[in-house]
Amino acid sequence: GTAFHHLAQRAIIACAAEPQPRALRCPDQAAVQAQVRQGVLSAGQQERLHAALDRWFASAVAQRFATCEAIAAEVPFMVVIEGDGSKGPLYLEGEIDGLADAGGGRAFLVDYKTGGSPAEQPEQLHAKHLQQASCYAYALRDQGFNEVEACFVRVEQPDPADPDQPQVVSYRFAQADKEALAASIYAAF
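Each residue of the sequence shown is one higher than the one before, starting from 517 at the first, in my numbering.
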C-alpha cells in the first residue's frame, strides 16, 4: 500500500507540471524499483504492486482526474466541526490522496484502497467508506467547494463489469449537504 501511494503521488506531481492535455503516467521502472527496495517487498508483493499500478494508470478515473484544471497529491486538511453545546468541537485532520479542482466550484477526489476482498458487496463497500468520504467532503465544502465527488479506487480489485478497470466506490455531496455532513460526522464520533 505504501509503495503504491508513493508512486501515485509522484505521478500526480509530475502530471500537474504538464500543460493540458495531460495524462497520468506510471513512474519509470527506476522509481518503481526504488519503492520495491525501500519497502523490502517480496516477489508476491511486487506482483501485487505492478498489477495495482497497471490497473490504476489504465483506468478511466485516473485519466479523468488528470484532465481537471488543477490537481494535487496528498493534500492536507484540518477543519473544526463545532459542538452542539453539550459537547466540544471536533477536529478533522487528514490528507486526501488526490485532489482535483474540476471547475465551477466542484472538487473531484480520489482515495486509493489496496487490499480488500473481491467478495465485498457494493452495499458493504458503500457503507465501509461513507464516513471517510463524508469527512473529506465536509473539509472541502469548508474550503469553498460547492460540490464534492469522491471516488474510492480499489486498485487491487477489478470492476466486476470491466476487469480492466479498478472497482470504484463513488459518492457525491452537494451544497445542501454541509449541515447534514456535520451532524453525521459529529454523531459518529
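Just so it is clear, CB atoms sit at the ideal spot from N, CA and C, and this is done for glycine as well. As the structure is a computational prediction, the values presented were derived from the model and not from experiment.
Going by DSSP, residue 688 is part of the beta strand (DSSP E) stretching over 678 to 689. Note on residue 581: 16 or more other CB atoms within 10 angstroms of its CB, so buried under the neighbour-count rule. Excluding the 5 residues flanking it on each side, residue 666 has same chain C-beta neighbours closer than 6 Å at 625, 649, 652 and 687, in chain order. Taking 9 Å as the cut-off, the beta carbon of residue 672 is found no closer than this to the beta carbon of residue 690. The beta-carbon separation of residue 567 and residue 608, rounded to 33 Å, does not stay under the 8 Å limit for a contact. Secondary structure remark: continuous alpha helix (DSSP H) runs of at least 4 residues inside the stretch 618 to 684, in chain order: 638 to 658. Residue 578 counts as buried, since at least 16 other C-beta atoms from the protein chains shown sit within 10 angstroms of its C-beta. A straight line joining the alpha-carbon of residue 536 with that of residue 583 spans about 7 Å.
Spatial neighbours of residue 661 in its own chain (CB-CB distance under 7 Å, excluding positions within 5 residues in sequence) are listed in chain order as 621, 622 and 623. For residue 589, the uninterrupted beta strand (DSSP E) segment begins and ends at 586 to 597. Residue 591 and residue 613 have their C-alpha atoms some 7 Å from each other. Looking from the CA of residue 571, the closest CA among 693, 520 and 560 belongs to 520. C-alpha of residue 701 to C-alpha of residue 595: approximately 12 Å in a straight line. Distances from the alpha-carbon of residue 698 to those of 597, 640, 627 and 631 put 597 closest. For residue 563, the enclosing alpha helix (DSSP H) covers residues 559 to 573.
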